[in-house]
Amino acid sequence: MPLAGISIPVPFGLAQQRSTSQASFRRGLLSTRLSRENQIMRLITSSIAILVLSVLPALADRPVTEDERAKLVAAVQAEGCTGGKFEFDEDDQQFEVDDAVCADGKKYDLKFDAQMKLKRKNLD
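Each residue of the sequence shown is one higher than the one before, starting from 1 at the first, in full-length UniProt numbering.
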């Protein structure tokens with residue numbers, strides 16, 4: 001129990017060491033808080049970037065015109081398939097048919113060039 005009004009002298013080196021360690025502790029707390037804030041900002045920024053980049057490829061497709069649809073339906077039927085979702089990929093300059101059902105009863109993703117020639121047939 002400390003005695004009121006009595007101060008115990010602390011050697012100079014020990015007092016200086018104590019104040020230095022307290023200051024460094026405070027700096028450590030501050031840098032930890034700033035580090036956490038930086039981590040949160042990086043997480044938010046990278047999440048937004050991933051979201052934007054994941055949406056961009058979807059913007060590259062456009063619906064086919066009625067004329068393109070008629071030609072594409074004929075090309076799909078020539079491959080022994082029916083149905084599917086028709087799109088034109090602006091980036092690759094090719095027609096895509098997603099989930100077409102072919103003669104074997106399985107679903108395929110088909111890709112046709114601008115002349116409606118089959119380029120690729122992938123099992124869905």
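The beta carbon of each residue, even a glycine, is placed where N, CA and C say it ideally should be. This one's a predicted model, so the numbers in the text were calculated from it and none came from an experiment.
query, result
"Contact the stretch 39 to 48 vs the stretch 66 to 73: 3+ CB pairs below 8 Å", "no"
"Start-end ranges of the beta strand (DSSP E) lying completely within the stretch 95 to 120, minimum 3 residues", "107 to 112"
"CB contact flag (Lys107, Asp124, <8 Å)", "yes"
"Contact check, Val101 vs Asp109, beta carbons under 8 Å", "no"
"Segment limits, alpha helix (DSSP H) that includes Asp67", "Glu66 to Ala78"
"Where the beta strand (DSSP E) containing Asp89 begins and where it ends", "Lys85 to Asp89"
"Bridge-paired residues (DSSP) for Arg62", "Phe88"
"Beta-carbon proximity check, Gly85 vs Asp99, cutoff 8 Å", "First, the amino acid is wrong: residue 85 is Lys here, not Gly. Cβ distance < 8 Å, so Lys85 and Asp99 count as in contact."
"Cross-strand partners of Leu123 (DSSP beta bridge)", "Tyr108"
"Whole-Å CB distance - Gln94 paired with Lys111, under 8 Å assumed", "5 Å"
"Pick from Arg62, Asn38 and Thr82 that is closest to Asp91, judged by C-alpha positions", "Arg62"
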